[in-house]
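Colleague: In this note's numbering, the protein residues as written are 483 to 917. Mind looking over this structure? Questions follow.
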């Protein structure tokens, strides 16, 4: 008996449903049976995260097979979430770097239509299987404040070097992270760090709208604050500013520029330290003037070295053209102990500009899924053929055109003599509560 594509996928990718308690709410996780969910790690605006054991993962030096699984619920219900999620998946999959969070697997709900496997848009909860880390830098700073760990210069230097090492790779690929902050710097028990959360990232080509929420305000570069909602050009210097802010926070265990709610108030917090406003801001602040403070005054106590203070200064220049680049920062005397150009890998440039509709987004996600699951990739190759045909004819599938995609795939399968009876085989699943 001939096995349908959906039967084949279900046989290869058996799933189990697990009910996970997030406070008073139970969130269902439908994951592959290789993963055993062990505990809740946290939740954010766009997803919930759990820890799991991966039965097929090679144990680390401590015998652990732990991974993190992030649920992105119903990502096709809101276009901005669709684009943000796909951007993050595509960018993370592009990198293979020890200081950048790695996507290990993608789990998507599948359905069969006219002999081809597709994403079930009505059940489009997507799961990312990621490296498991122990803390983020916000938690590390809190532990330092409570006296639970000592943050000396060597420790700060090691954290900074790893951030810049990861950022060098990100910038080499033509990507701006745009949301670097302590909560997006993950740390494990060996003090190794990984940069995460690329939902706000962009390619470096062209100009951009300064998306609301790009980089939490305390870590947001002045050029982003000044742009407001207008289209503007900015470059990799926005990430250097953010790293400088994080570096300063590691030194004084408090935000370097703790501004208020509005962009103008945040700029005033910057003026209080750097002085100003500069000439470009006179139309807003008129005759108001802040003399600024010296960095030696800000870092007046503690084990702060001259080189360390100088590097903060070079990163936190109001004028982005005066900031160091990531390569210049790595070459700074403060990081001489760690800097090794031969051990700071870069990455080929990628295409990370998205102007797709729903059907394009579905195809893009399926291709990412096929990258991690080549064993079922043959059953979704028609998507690539469909893309090539559309590109050749100039055709454009309209948003919400799932039926159109199915119709075209059905016609294609029939023409090739590959039409099959639709069948749905559900993998055996169990319902478990994890508290």
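Each residue gets a CB set at the ideal place from its N, CA and C atoms; glycine is no exception. Quick caveat: nothing in here was measured; it's all calculated off a predicted structure.
Have a look at 542, 824, 609, 662 and flag the residue whose alpha-carbon is nearest the alpha-carbon of residue 731.
Modeller: Indexing the chain shown from 1 puts residue 731 at position 249. Of the listed residues, the one whose Cα sits closest to residue 731 is 662.
Colleague: With distance defined between alpha-carbon atoms, name the residue in 787, 579, 701, 783 nearest to residue 751.
Modeller: Looking up residue 751 in the chain shown gives position 269. Of 787, 579, 701, 783, the residue nearest in Cα terms is 701.
Colleague: Over what stretch of residues does the beta strand (DSSP E) that includes residue 457 continue unbroken?
Modeller: With the chain represented from 483 up to 917, any question about residue 457 goes unanswered, as that position is not in the structure.
Colleague: Within 10 Å of its beta-carbon, does residue 596 have 16 or more other beta-carbons around it, so buried, or fewer, so exposed?
Modeller: Residue numbering aside, residue 596 sits at position 114 when the chain shown is read from its first letter. Burial call: buried.
Colleague: With H, G and I counted as helix, E and B as strand and the rest as coil, what does DSSP make of residue 727?
Modeller: Here residue 727 refers to the residue found at position 245 of the chain shown. Three-state result, residue 727: helix.
Colleague: Let me know the secondary structure DSSP gives residue 691 once reduced to three states.
Modeller: Taking the chain shown and counting its residues from 1, one reaches residue 691 at position 209. In this prediction, residue 691 scores a pLDDT of 42, lower than 50, which makes its location untrustworthy; the coordinate-derived value is nonetheless stated afterwards. In this structure, residue 691 counts as strand in the three-state DSSP scheme.
Colleague: Between which two residues does the alpha helix (DSSP H) harbouring residue 569 extend?
Modeller: As a working mapping, residue 569 is identified with position 87 in the chain shown. From DSSP, the alpha helix (DSSP H) with residue 569 extends over 561 to 576.
Colleague: Out of curiosity, what's the CA-to-CA distance linking residue 831 and residue 652?
Modeller: In the chain shown, the residue the question calls residue 831 occupies position 349. In the chain shown, the residue the question calls residue 652 occupies position 170. C-alpha separation (whole angstroms): 9 Å.
Colleague: Less than 8 Å separating the beta-carbons of residue 565 and residue 607?
Modeller: Looking up residue 565 in the chain shown gives position 83. Looking up residue 607 in the chain shown gives position 125. Contact flag unset, no.
Colleague: How many angstroms separate the CA atom of residue 743 from the CA atom of residue 489?
Modeller: To locate residue 743, count along the chain shown from 1; it is residue 261. To locate residue 489, count along the chain shown from 1; it is residue 7. In this structure, the CA atom of residue 743 is about 53 Å from the CA atom of residue 489.
Colleague: In terms of residue numbering, what span does the beta strand (DSSP E) encompassing residue 530 cover?
Modeller: Within the chain shown, numbered from 1, the residue matching residue 530 stands at position 48. Where residue 530 is concerned, the enclosing beta strand (DSSP E) stretches over 530 to 536.
Colleague: Which residue wins for smallest C-alpha separation from residue 844, given the options 558, 698, 797?
Modeller: The residue given as residue 844 occupies position 362 in the chain shown. Among 558, 698, 797, the Cα nearest to that of residue 844 is on 558.
Colleague: In the structure shown, what three-state DSSP assignment does residue 488 receive?
Modeller: The count along the chain shown starts at 1 and reaches residue 488 at position 6. Helix.
Colleague: Identify whether residue 494 lies in helix, strand or coil by the three-state DSSP scheme.
Modeller: For the purposes of this step, residue 494 is taken as the residue at position 12 of the chain shown. Three-state DSSP puts residue 494 in a helix.
Colleague: On a CA-only basis, which of 627, 664, 625 is nearest residue 642? Give me that one, please.
Modeller: In the chain shown, the residue the question calls residue 642 occupies position 160. Here the closest residue by C-alpha is 664.
Colleague: Who are the near neighbours of residue 678 in its chain, counting only those whose CB is closer than 7 Å to its CB and skipping five residues on each side?
Modeller: Residue mapping note: residue 678 aligns to position 196 of the chain shown, counting from 1. Closer than 7 Å at the Cβ level, and outside the excluded window around residue 678, lie 583, 666, 668.
Colleague: Going by alpha carbons, who is nearest to residue 734 out of 540, 763, 633, 570?
Modeller: Residue 734 sits at position 252 when you count from the first residue of the chain shown. Of the listed residues, the one whose Cα sits closest to residue 734 is 633.
Colleague: Which residue's Cα is closest to the Cα of residue 699: 747, 499, 722?
Modeller: As a first step, residue 699 must be located in the chain shown, where it is residue number 217. Nearest of 747, 499, 722 to residue 699, Cα basis: 747.
Colleague: CA-CA distance, residue 848 and residue 591?
Modeller: Mapped onto the chain shown, residue 848 falls at position 366. Mapped onto the chain shown, residue 591 falls at position 109. Near 10 Å, if we compare the C-alpha coordinates of residue 591 and residue 848.
Colleague: Identify the continuous alpha helix (DSSP H) that holds residue 650 and give its terminal residues.
Modeller: The count along the chain shown starts at 1 and reaches residue 650 at position 168. Residues 635 to 654.
Colleague: Can you say whether residue 887 is buried or exposed, counting buried as having 16 or more other CB atoms within 10 angstroms of its CB?
Modeller: On the chain shown, position 405 is the one that residue 887 refers to. Note on residue 887: pLDDT 37, under 50, position unreliable in the model; the coordinate value appears next. Looking at its Cβ environment, which holds 16 or more other Cβ atoms inside 10 Å, residue 887 is buried.
Colleague: So who's on the other strand from residue 676, going by DSSP bridges?
Modeller: Stepping through the chain shown from its first residue, residue 676 is reached at position 194. BP columns for residue 676 point to 668.
Colleague: Residues in its own chain within less than 7 Å of residue 680 by CB, not counting five upstream and five downstream?
Modeller: Counting from 1 along the chain shown, the entry for residue 680 is found at position 198. Contacts found: 569, 570, 573, 574, 659.
Colleague: In angstroms with no decimal places, state the Cα-to-Cα distance between residue 525 and residue 531.
Modeller: Locating residue 525 in the chain shown gives position 43, where the first residue counts as 1. Locating residue 531 in the chain shown gives position 49, where the first residue counts as 1. Each residue's CA atom was taken as its position, placing residue 525 and residue 531 some 6 Å apart.
Colleague: Kindly indicate the opening and closing residues of the beta strand (DSSP E) around residue 604.
Modeller: Within the chain shown, residue 604 is the residue found at index 122, counting from 1. Counting along the chain, residue 604 falls outside any beta strand (DSSP E), and DSSP gives it neither H nor E.
Colleague: Let me know if residue 766 comes out buried or exposed under the rule of 16 or more other beta-carbons within 10 Å of its beta-carbon.
Modeller: Counting from 1 along the chain shown, the entry for residue 766 is found at position 284. It counts as exposed.
Colleague: When you compare the stretch 624 to 640 with the stretch 785 to 798, are there three or more beta-carbon pairs, one atom per stretch, that lie closer than 8 Å?
Modeller: yes
Colleague: If contacts are defined as beta-carbon pairs under 8 Å, then residue 587 and residue 593 qualify, I think. What distance do you get, rounded to the angstrom?
Modeller: The residue labelled residue 587 in the question sits at position 105 within the chain shown. The residue labelled residue 593 in the question sits at position 111 within the chain shown. Not really, about 20 Å apart at Cβ, beyond 8 Å.
Colleague: Within its chain, find whatever has a CB closer than 8 Å to the CB of residue 550; leave out the 5 residues flanking it on each side and keep chain order.
Modeller: Sequence index remark: in the chain shown, residue 550 carries index 68 (1-based). Answer for residue 550: 523, 531, 532, 533, 534, 611, 612, 613, 614, 615, listed in chain order.
Colleague: Strictly by DSSP, which residues pair up with residue 593?
Modeller: In the chain shown, counting from the first residue as 1, residue 593 sits at position 111. According to DSSP, which records beta bridges pairwise, residue 593 is partnered with 600.
Colleague: According to DSSP, simplified to helix, strand and coil, what is residue 609?
Modeller: Position 127 of the chain shown holds residue 609. In the displayed model, residue 609 falls within a strand according to three-state DSSP.
Colleague: Please classify residue 676: is it buried, with 16 or more other beta-carbons within 10 angstroms of its beta-carbon, or exposed?
Modeller: Taking the first residue of the chain shown as 1, we reach residue 676 at position 194. Buried, because 16 or more other Cβ atoms sit within 10 Å of the Cβ of residue 676.
Colleague: For residue 829 versus residue 726, is the C-beta spacing smaller than 8 Å?
Modeller: Locating residue 829 in the chain shown gives position 347, where the first residue counts as 1. Locating residue 726 in the chain shown gives position 244, where the first residue counts as 1. The answer is no: Cβ separation not under 8 Å.
Colleague: Report the residue from 761, 644, 672 whose alpha carbon sits nearest the alpha carbon of residue 944.
Modeller: Look at the range of the chain in this structure, 483 to 917, and you will see that residue 944 is not part of it.
Colleague: Residue 763 by DSSP, collapsed to three states: which one?
Modeller: Start at 1 with the first residue of the chain shown, and residue 763 comes out as number 281. Of the three classes helix, strand and coil, the one that applies to residue 763 here is helix, per DSSP.
Colleague: Among the residues of its own chain, which have a CB less than 7 Å from the CB of residue 757, if the five just before and after it don't count?
Modeller: Residue 757 sits at position 275 when you count from the first residue of the chain shown. Scanning its chain for C-beta atoms nearer than 7 Å, with the 5 sequence neighbours on each side dropped, one finds around residue 757 the residues 772, 773, 774, in chain order.
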